[in-house]
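Colleague:
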Amino acid sequence: MVSEQNQLKNVKWTFRNHSVGMIAENDFQWVEEKLAPVRAGEVLVRNLYLSLDPTNRVWMGEKDTYMPALKEGEVMRGLAIGVVEKSNHPAFKAGDAVQGLLGWQKYLVSTGEGLITLPQLPGLPLEAHFGMLGHIGLTAHYGLLHIGKPKPGETVVVSAAAGAVGSLTGQIAKIKGCRVIGTAGSDEKCRYLTQELGFDGAINYKKEPLAERLRELCPRGIDVYFDNVGGTTLDAVLDQINDFGRIVACGMISAYNAPDAPFTSRHMVNIVVRRVLMQGFVCLDHPEYAPGAYQDLINWHLAGKLKYRLDVVEGLENAVTAINKLFTGANQGKLLVKVS
Ligand SMILES: NC(=O)c1ccc[n+]([C@@H]2O[C@H](COP(=O)([O-])OP(=O)(O)OC[C@H]3O[C@@H](n4cnc5c(N)ncnc54)[C@H](OP(=O)(O)O)[C@@H]3O)[C@@H](O)[C@H]2O)c1
Numbered sequence: 311m312v313s314e315q316n317q318l319k320n321v322k323w324t325f326r327n328h329s330v331g332m333i334a335e336n337d338f339q340w341v342e343e344k345l346a347p348v349r350a351g352e353v354l355v356r357n358l359y360l361s362l363d364p365t366n367r368v369w370m371g372e373k374d375t376y377m378p379a380l381k382e383g384e385v386m387r388g389l390a391i392g393v394v395e396k397s398n399h400p401a402f403k404a405g406d407a408v409q410g411l412l413g414w415q416k417y418l419v420s421t422g423e424g425l426i427t428l429p430q431l432p433g434l435p436l437e438a439h440f441g442m443l444g445h446i447g448l449t450a451h452y453g454l455l456h457i458g459k460p461k462p463g464e465t466v467v468v469s470a471a472a473g474a475v476g477s478l479t480g481q482i483a484k485i486k487g488c489r490v491i492g493t494a495g496s497d498e499k500c501r502y503l504t505q506e507l508g509f510d511g512a513i514n515y516k517k518e519p520l521a522e523r524l525r526e527l528c529p530r531g532i533d534v535y536f537d538n539v540g541g542t543t544l545d546a547v548l549d550q551i552n553d554f555g556r557i558v559a560c561g562m563i564s565a566y567n568a569p570d571a572p573f574t575s576r577h578m579v580n581i582v583v584r585r586v587l588m589q590g591f592v593c594l595d596h597p598e599y600a601p602g603a604y605q606d607l608i609n610w611h612l613a614g615k616l617k618y619r620l621d622v623v624e625g626l627e628n629a630v631t632a633i634n635k636l637f638t639g640a641n642q643g644k645l646l647v648k649v650s
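Next comes the structure, spelled out in structure tokens:
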């Protein structure tokens, strides 16, 4: 007799080839398959929300990074939140919400390795685990407070400031009593930063002269730069960074679609002469830091001091076209795919 679960059909995107430039449908293959049975010690998870992240592009590169490069035929790697549909595993029960590298697919039969059971948070929807907590919240909190170490009254600049990580980072810097300036790629995003999130200033780097505007908005120089983009923005900040300034190297999205482009900086020498600390980090390295960070983020959110917004795209089949929103700047907040 064929069990009900054996008749479930899985759909998934598998990785096809390394490429540069914008991500194309051709970089993946859409696969439909019958689901494997759930054996002893395994769970069946149905994905609810898939997180689309700039780092997906990094994983698609030819070289191993902090994770191995993807191989042809492998299900596209991706963080997701799912629900346990069936469990033959003592640590999970049907109905549990779980998070992990569940992949760009509808269903997953898992041994439970790497699966985290998500707590129900009063007053917060499940998606908050991606919008404000999870890897996004941990990155903003750890990067700014542990590496940037901003002091009250200091000037903090955040790039990609209207995005998922950047918007939390700027608000945390405000909570810590700093003057906060954000850069973003549209007037609407700049308005969101100053009028809704309380930033002291915002620069539309696509149409305003960045160096000049930074000088106007940061008259006492820049103490902390939370860098999400690298490239010319990083260089403009390096010119205006103060002695003993800190640069939190969180991401360099301007380079992700062109990994072989030469790095050009006219102001790198300021790292030396101004005794600047510049440190990169990957949030996955700091699980021990997460519980305290999440508690802060929840408290600030419930007190009305920390907002997040989500950009939810319907349907796994749209994941490949949707991910390019991160590189054109079309996303308005944390980019997610509603899988089911
Ligand atoms: N270190 C870690 O552990 C860690 C963890 C998570 C994320 N990150 C990094 O944090 C950064 C932000 O990630 P996110 O998930 O929060 O994404 P996001 O900011 O929500 O979306 C990416 C944004 O980057 C901006 N952007 C794209 N191409 C750009 C370019 N060439 N120059 C300048 N800005 C550009 C766009 O905003 P505009 O409209 O403003 O251009 C886009 O909306 C990324 O660099 C990511 O790799 C690091």
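Residue numbers (our numbering): 311 to 650. C-beta atoms are modelled at their ideal positions from N, C-alpha and C, and glycine is treated no differently. From a predicted model like this one, the values you see are computed outputs, not experimental measurements.
For the alpha helix (DSSP H) containing K635, list its first residue and its last residue.
Modeller: K635 -> alpha helix (DSSP H) spans 635-638.
Colleague: Are there 16 or more other CB atoms within 10 angstroms of the CB of T638, so buried, or fewer, so exposed?
Modeller: Burial call: exposed.
Colleague: Could you check where the alpha helix (DSSP H) with K499 kicks off and where it finishes?
Modeller: 497-501 is the span of the alpha helix (DSSP H), which, as asked, contains K499.
Colleague: Let me check you understand the geometry: is the CB of D363 closer than 7 Å to at least one non-hydrogen atom of ligand 3?
Modeller: Ligand 3 is not among the ligands present in this structure, which contains only ligand 1.
Colleague: Output needed for A438: all residues of its chain with C-beta closer than 7 Å, excluding positions within five of it in sequence on either side, in chain order.
Modeller: Around A438: L431.
Colleague: Counting Cβ pairs closer than 8 Å, one from the region 326-344 and one from the region 526-536, do we hit at least three?
Modeller: Cβ pair count under 8 Å is below three, so no.
Colleague: Taking 8 Å as the cut-off, decide whether the C-beta atoms of Y599 and Y452 are in contact.
Modeller: Contact: yes.
Colleague: Please report the Cβ distance between Y604 and G447, rounded to the nearest whole angstrom; I am assuming they are in contact, meaning their Cβ atoms lie under 8 Å.
Modeller: Right, their Cβ atoms sit about 6 Å apart.
Colleague: Taking the alpha carbon of I608 as the point to measure from, which residue in F440, F338, F402 has its own alpha carbon closest?
Modeller: For the residues F440, F338, F402, the minimum Cα distance to I608 belongs to F440.
Colleague: Evaluate V312 with the Cβ neighbour count: other Cβ atoms within 10 Å of its Cβ, from every protein chain shown; 16 or more gives buried, anything less gives exposed.
Modeller: No answer about V312 holds up, because its pLDDT of 42 lies below 50 and its placement is not dependable.
Colleague: Considering only residues of the region 392-476, which uninterrupted alpha helix (DSSP H) runs meet the minimum length of 4 residues and lie entirely inside it, listed in chain order?
Modeller: You should have 438-441, 444-451.
Colleague: Taking the C-alpha atoms as reference points, what is the distance between R584 and G555?
Modeller: One C-alpha to the other measures close to 8 Å.
Colleague: Select from E627, Q642, S469 the residue whose C-alpha is nearest the C-alpha of K322.
Modeller: Per the Cα distances, E627.
Colleague: Taking D549 as the reference, which of N580, L527, D537, G422 has the closest Cα?
Modeller: Checked all of N580, L527, D537, G422; the closest Cα to D549 is N580.
Colleague: Please identify the residue among D510, G433, P601 whose C-alpha is closest to the C-alpha of H611.
Modeller: Selected option, being the one with the closest Cα: G433.
Colleague: Helix or strand or just coil, what does DSSP make of G508?
Modeller: Coil at G508, not helix or strand.
Colleague: Roughly how many whole angstroms lie between the Cα atoms of G458 and D606?
Modeller: Their backbone Cα atoms lie some 17 Å apart in a straight line.
Colleague: Can you give the Cα-Cα distance for G473 and K517, rounded to whole angstroms?
Modeller: Distance between the alpha carbons of G473 and K517 is about 18 Å.
Colleague: Whose C-beta lies closer than 6 Å to the C-beta of K484 among residues of the same chain, with five residues either side of it excluded?
Modeller: Result list for K484: V490, G508, in chain order.
Colleague: Helix, strand or coil, according to DSSP, for S361 in the structure here?
Modeller: S361: strand per DSSP, three-state reduction.
Colleague: Mind checking which residues open and close the beta strand (DSSP E) that includes Y535?
Modeller: Where Y535 is concerned, the enclosing beta strand (DSSP E) stretches over 532-537.
Colleague: DSSP three-state label for N336, please.
Modeller: In this structure, N336 counts as helix in the three-state DSSP scheme.
Colleague: I482: beta carbon under 7 Å from a heavy atom of ligand 1?
Modeller: Outside the cutoff, so no.
Colleague: Between the alpha carbons of E343 and W369, how many angstroms are there, rounded?
Modeller: E343 and W369: Cα-Cα distance of roughly 24 Å.
Colleague: Measuring only the C-alpha atoms, how far is K499 from L345?
Modeller: Looking at the two C-alpha atoms, the distance is approximately 42 Å.
Colleague: Can I391 be considered in contact with ligand 1, in the sense that its beta carbon sits closer than 7 Å to one or more heavy atoms?
Modeller: Not under cutoff, so the answer is no.
Colleague: With burial defined as no fewer than 16 other Cβ atoms inside 10 Å of the residue's Cβ, what is the status of Y359: buried or exposed?
Modeller: Answer is buried; the Cβ neighbour count reaches 16.
Colleague: Going by beta-carbon coordinates alone, are L646 and V622 separated by less than 8 Å?
Modeller: Yes, these two residues count as a Cβ contact at 8 Å.
Colleague: By alpha-carbon positions, which one of D570, G541, G590, C593 ends up nearest to H577?
Modeller: Of D570, G541, G590, C593, the residue nearest in Cα terms is G541.
Colleague: Does ligand 1 have even one heavy atom less than 7 Å from the beta-carbon of K499?
Modeller: Yes, Cβ of K499 sits closer than 7 Å to a heavy atom of ligand 1.
Colleague: Under the rule that 16 or more other beta-carbon atoms within 10 Å means buried, what is Q317, buried or exposed?
Modeller: That one is exposed.
Colleague: Residues in its own chain within less than 6 Å of D406 by CB, not counting five upstream and five downstream?
Modeller: Result list for D406: V394, T427, in chain order.
Colleague: So does N398 have its beta carbon nearer than 7 Å to some heavy atom of ligand 1?
Modeller: No - ligand 1 has no heavy atom lying nearer than 7 Å to the Cβ of N398.
Colleague: Measure from the C-beta of L436 to each C-beta in chain D and report whether the shortest distance is under 8 Å.
Modeller: Annotation note: the requested chain D is absent from the structure, which comprises a single protein chain.
Colleague: Please find out if some non-hydrogen atom of ligand 1 comes closer than 7 Å to the beta-carbon of S564.
Modeller: Yes, ligand 1 has a heavy atom inside 7 Å of this Cβ.
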